[in-house]
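Novice: Supplied in structure tokens, the structure appears directly below.
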Amino acid sequence: MMDAGRHPRIELMTLSEVEEVNGYIGNFKVKVRKKARYVDEKECTACGDCADVCPVTYPDEYQVGLGTRKAVYIPFAQAVPSSYVINPENCLGSNPIACGKCAERCEKKCIDFDIQDEIVELEVGAIIVATGMDTYDPTEMDEYGYTRFQNVVTSLEFERLICAGGPTEGHFVRPGDMNRPKRIGFVQCVGSRMENRGNPYCSNICCMNTIKDSLLLKEHYPDTEIFVFYIDLRAFGKGFEDLLKRSREAGVNYIRGLPGSVMEDPETENLIVDVENTTAGRLEQYNLDMLVLSVGLEPRGDGDPLRQALNLSKTSDGFLLEAHPKLRPVDASTPGVFLAGCVESPKDVKDSVTQASAAVARASHILTSDKLTVEAITATIDKEKCTACGACAKVCPYGAIRWEKKTPAEVIEAMCAGCGTCAAECKFDAINIKHFSDEALMAQTESAVAENASERIVAFACNWCSYAGGDGAGTSRLQYPPNARIIRTMCSGRVDERFVLRAFELGAPIVLVSGCHFADCHYIDANRATQRRVDKLWDKLEKLGIRPERLQLEWISAAEGQKFATVMREIEKMRQRVTAEEIEHTIKVLKEDRGKQESKRKAKAKV
Amino acid sequence: MAEQDNFKCLRCGNEYSLPKPEKATMEERTCPKCRSNSVRKVG
Ligand SMILES: [Zn+2]
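Protein chains in written order, with the working numbering: chain S, 10 to 616; chain L, 5 to 47.
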């Protein structure tokens, strides 16, 4: 951090928050609130006189509450800038009656209570989001006794306790009696891989962190007895298995099974841990001086405003979604925005550095280019046909359509991701998507039912999830009926109601629209438009006397090959129940309806 | 009683109700009986 702070070409803005982001790749305008420090950072020599006289004491956030700080303080030793800062929520105030002691004491007169927040506007070409993560708070897992027993600590608290820069200056003691613990237990997967509490995913770093800690303890305090309680040990990285082996060889005990209960001996403050050792197949009890809860990682609780400002998607776990899990792992869904570190998923230092390096390389490619190549698949607007209704601008997840009343809409191609939601929404056929044009998709729809229409299932599948799910079903050799005709669109939001109605008009018994699960949408939230459109279509079909059941909707992820096959089998059963009379009636009413709609549209166009 | 939203599964025919969400956000719909997403908001 100090290196970055000193670098002549890096401006590090600490104690600052991004408030607004406008513009697009290569041309972002970012509004940043630089919060008031109340201490002139250029003049402050960090002598500490102000903190000496500050009368209030608060838990030190950097030491996870294990140490204290004053209202005027340096957050941590390597903080940039290396100057004091006043926390206005803790400070008693400048009024001499209230306090003001620091300002009185500071010889250089650096302290000024009238300093205001500053709004800084930046013009940048690319943005890297590296806002990190939170750790799971294990208080709700009452069986481990965290916060009830002083000697039950989280892995982060443990980290501070063994750190030379920690609250005990590296003297490793337990919080209860400040004695060195000699029998230590580590509980793995606290808040990770759990369905009912905590999070369902593996937090990736906890096993290796515990193995590292166990080796550190054995190195510095060889007489320490260490017990690690685990479900599985995941030591999959380069050199990691070797570390685990070394830890075992150093005498660390690995016990497969998580504690069922933790009690405290009131006299010794030792912890009595009951655990089912599933390898030995027996109940065991351990008397420990200290218990470390290896807590999982979570998305930051305060991350949503920034995510919304940047128009980014998140996964169901709450981490930010990358543009493609394999091929564009550091790109965010918004062009020109990149992800690094735990904001994207839990990861260790090495993986964070790898991802950050890749993000920087991706960003510098933008900064060094005179011209950018945009995606081949983007929207185009026919100004002749556009009635300037603005419906397209309202549904665009990227804000890529510029529109003012009475002026034809305009696509900012650098921002357009090509989902096609605008094209499906436009009632006047004024929008087309390159490579996924109305004509092409309509032709595919028509050819799907050109022969033996009554035996076909017309299935629209989005490129990223359901089409990939279908692929998965195929490569896994899962059996599903062969009569589905799959039409690929980039997003389910591209599926125009006209395609669906056309399929029915040409005799399709069943039409399926499928896309990504809401949380996985690769176009932020374009698939919400799909749901709205299908809702409208169900109403319309019912109104026309067509069973709405004949239009099916499914969210199928790329990993759900099994679901894809099951859905196809179930839909095939539904298809078999659609009668020839039903199809005939559908064809008749939809033909009439199309005639009506066309004459209406012609009349409107004349106006 | 809190206001309810009524749903009908267009796969298995199951009809069910859920309390109206506080915010007007759109949630993914899944039939509790057959897990289909072909769920229509009715009534
Ligand atoms: Zn159902």
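Quick reminder that beta carbons are idealized off the backbone N, C-alpha and C, glycines included.
In the DSSP assignment, what are the bridge partners of residue 341(S)?
Specialist: Looking up residue 341(S) in the first sequence gives position 332. Paired residues: 331(S).
Novice: Anything with a beta carbon under 6 Å from a heavy atom of ligand 1 counts; list them all in chain order.
Specialist: 13(L), 15(L), 16(L), 18(L), 35(L), 37(L), 38(L), 40(L)
Novice: Taking DSSP's pairing of strands, which residues face residue 96(S) in a bridge?
Specialist: Position 87 of the first sequence, counted from the first residue, corresponds to residue 96(S). Paired residue(s): none; residue 96(S) is not in a bridge.
Novice: Please tell me whether residue 437(S) and residue 471(S) are closer than 9 Å, where the distance is taken between their beta carbons.
Specialist: Numbered from its first residue, the first sequence carries residue 437(S) at position 428. Numbered from its first residue, the first sequence carries residue 471(S) at position 462. In this structure, residue 471(S) does not lie closer than 9 Å to residue 437(S) by Cβ.
Novice: Between residue 41(L) and chain S, is the shortest Cβ-Cβ distance under 9 Å, so that the two count as touching?
Specialist: Along the second sequence, one-based indexing puts residue 41(L) at 37. Yes, contact with chain S.
Novice: Roughly how many angstroms lie between the CA atoms of residue 136(S) and residue 519(S), to the nearest whole one?
Specialist: Residue mapping note: residue 136(S) aligns to position 127 of the first sequence, counting from 1. Residue mapping note: residue 519(S) aligns to position 510 of the first sequence, counting from 1. Rounded to whole angstroms, the gap between the alpha carbons of residue 136(S) and residue 519(S) is 45 Å.
Novice: Locate the alpha helix (DSSP H) running through residue 539(S), then write down its first and last residues.
Specialist: For this step, residue 539(S) is matched to residue 530 along the first sequence. Here the alpha helix (DSSP H) through residue 539(S) covers 535-552.
Novice: Which residues mark the beginning and the end of the alpha helix (DSSP H) in which residue 111(S) is found?
Specialist: As a position in the first sequence, residue 111(S) is number 102, starting the count at 1. It spans 110-114 - the alpha helix (DSSP H) in which residue 111(S) sits, taken as one unbroken run.
Novice: In three-state terms, what does DSSP make of residue 384(S)?
Specialist: For this step, residue 384(S) is matched to residue 375 along the first sequence. It is coil, neither helix nor strand.
Novice: For the segment 20-35 of chain L, enumerate the residues whose C-beta is nearer than 7 Å to any C-beta of chain S, in chain order.
Specialist: 30, 32
Novice: Hey, which unbroken runs of the alpha helix (DSSP H) at 4 residues or more fall wholly within the segment 470-520 of chain S?
Specialist: 475-484, 506-514
Novice: Answer with buried or exposed for residue 245(S), where buried requires no fewer than 16 other C-beta atoms within 10 angstroms of its C-beta.
Specialist: To locate residue 245(S), count along the first sequence from 1; it is residue 236. Residue 245(S) comes out exposed.
Novice: Out of 557(S), 599(S), 597(S), state which residue places its alpha-carbon closest to the alpha-carbon of residue 12(L).
Specialist: If you number the second sequence from 1, residue 12(L) lands on position 8. Cα-wise, what sits closest to residue 12(L) is 557(S).
Novice: Output the boundary residues of the alpha helix (DSSP H) element that contains residue 585(S).
Specialist: Translated into the one-based positions of the first sequence, residue 585(S) becomes position 576. Its alpha helix (DSSP H) spans residues 570-586.
Novice: Along the chain, where does the alpha helix (DSSP H) that runs through residue 218(S) open and close?
Specialist: The sequence position of residue 218(S) within the first sequence is 209, counting from 1. Its alpha helix (DSSP H) spans residues 215-229.
Novice: Where residue 119(S) and residue 85(S) are concerned, what is the direct C-alpha to C-alpha distance, given to the nearest angstrom?
Specialist: One-based indexing of the first sequence puts residue 119(S) at position 110. One-based indexing of the first sequence puts residue 85(S) at position 76. Looking at the two C-alpha atoms, the distance is approximately 20 Å.
Novice: Between which two residues does the beta strand (DSSP E) carrying residue 192(S) extend?
Specialist: Here residue 192(S) refers to the residue found at position 183 when the first sequence is read from its first residue. Residues 192-199.
Novice: Using the beta-carbon of each residue, which ones in chain S are nearer than 8 Å to residue 4(L)?
Specialist: Chain L is shown only over 5 to 47; residue 4(L) falls outside these bounds and no answer can be derived.
Novice: Does the contact criterion of 3 or more C-beta pairs under 8 Å hold for the segment 451-467 of chain S versus the segment 490-507 of chain S?
Specialist: yes
Novice: Looking only at its chain, what residues have a beta carbon closer than 6 Å to the beta carbon of residue 74(S), apart from the 5 residues adjacent to it on each side?
Specialist: Taking the first residue of the first sequence as position 1, residue 74(S) is located at position 65. The answer, listed in chain order, is 68.
Novice: Below 9 Å between beta carbons is the criterion; list the residues of the segment 408-442 of chain S that meet it against any residue of chain L, in chain order.
Specialist: Correct list: empty, as no residue qualifies.
Novice: So, for residue 481(S): in the same chain, excluding its five sequence neighbours on each side, which residues have a beta-carbon less than 6 Å away from its beta-carbon?
Specialist: As a first step, residue 481(S) must be located in the first sequence, where it is residue number 472. Hits under 6 Å: 570.
Novice: Can you pull the chain L residues whose beta carbon is under 9 Å from the beta carbon of residue 317(S), in chain order?
Specialist: The sequence position of residue 317(S) within the first sequence is 308, counting from 1. Correct list: empty, because the minimum Cβ distance to chain L is about 13 Å.
Novice: Leaving out five residues on either side along the sequence, give the residues of the same chain with a beta carbon under 6 Å from the beta carbon of residue 422(S).
Specialist: What you label residue 422(S) is simply residue 413 of the first sequence in a count that begins at 1. Contacts found: 383, 387.
Novice: Would residue 237(S) and residue 194(S) be called neighbours here (beta carbons separated by less than 9 Å)?
Specialist: Sequence index remark: in the first sequence, residue 237(S) carries index 228 (1-based). Sequence index remark: in the first sequence, residue 194(S) carries index 185 (1-based). It is a contact, given that the beta carbons lie within the stated cut-off.
Novice: Please say whether residue 308(S) and residue 327(S) have beta carbons closer to each other than 9 Å?
Specialist: For the purposes of this step, residue 327(S) is taken as residue 318 along the first sequence, with counting starting at 1. For the purposes of this step, residue 308(S) is taken as residue 299 along the first sequence, with counting starting at 1. In this structure, residue 308(S) lies closer than 9 Å to residue 327(S) by Cβ.
Novice: Does the beta carbon of residue 427(S) fall short of 8 Å from some heavy atom of ligand 3?
Specialist: Among the ligands modelled here, namely ligand 1, ligand 3 does not occur.
Novice: Can you give me the Cβ contacts of residue 476(S) inside the same chain, cut-off strictly under 8 Å, excluding the 5 residues immediately before and after it?
Specialist: Locating residue 476(S) in the first sequence gives position 467, where the first residue counts as 1. Only 470, 495, 497 meet the Cβ criterion.
Novice: Could you name the residues of the same chain whose beta carbon sits closer than 7 Å to that of residue 62(S), not counting the 5 residues immediately before and after it, in chain order?
Specialist: By 1-based counting over the first sequence, the position of residue 62(S) is 53. Closer than 7 Å at the Cβ level, and outside the excluded window around residue 62(S), lie 110, 111, 114.
Novice: Going by DSSP, what residue range makes up the beta strand (DSSP E) through residue 32(S)?
Specialist: One-based indexing of the first sequence puts residue 32(S) at position 23. Looking at the DSSP string, the run of the beta strand (DSSP E) that includes residue 32(S) is 25-33.
Novice: Compute the beta-carbon to beta-carbon distance between residue 224(S) and residue 242(S), rounded to the nearest angstrom, for a pair I have assumed lies under 8 Å.
Specialist: Here residue 224(S) refers to the residue found at position 215 of the first sequence. Here residue 242(S) refers to the residue found at position 233 of the first sequence. Incorrect: roughly 14 Å between the Cβ atoms, too far for contact.
Novice: So which residues on chain L does residue 527(S) lean against when the C-beta distance must stay under 9 Å?
Specialist: Taking the first residue of the first sequence as 1, we reach residue 527(S) at position 518. Residues of chain L passing the Cβ test: 30, 31, 32.
Novice: For my contact list, residue 72(S) and residue 175(S) are in at a C-beta cut-off of 8 Å; report their separation, rounded to the angstrom.
Specialist: What you label residue 72(S) is simply residue 63 of the first sequence in a count that begins at 1. What you label residue 175(S) is simply residue 166 of the first sequence in a count that begins at 1. Yes, residue 72(S) and residue 175(S) are in contact; Cβ-Cβ is about 6 Å, under 8 Å.
Novice: When we look at the beta-carbon of residue 54(S) and count the other beta-carbons within 10 Å, is it buried (16 or more) or exposed?
Specialist: Taking the first sequence and counting its residues from 1, the one referred to as residue 54(S) is at position 45. Its Cβ having fewer than 16 others within 10 Å, residue 54(S) is exposed.
Novice: What does residue 537(S) touch in chain L if you count any residue whose Cβ is under 7 Å from its own?
Specialist: Indexing the first sequence from 1 puts residue 537(S) at position 528. Result: 30.
Novice: Let me check understanding here. Comparing Cα to Cα, which of 554(S), 363(S), 50(S) lies closest to residue 90(S)?
Specialist: Here residue 90(S) corresponds to residue number 81 of the first sequence, with the count starting at 1. Looking at the Cα atoms, 50(S) is the closest of the given residues.
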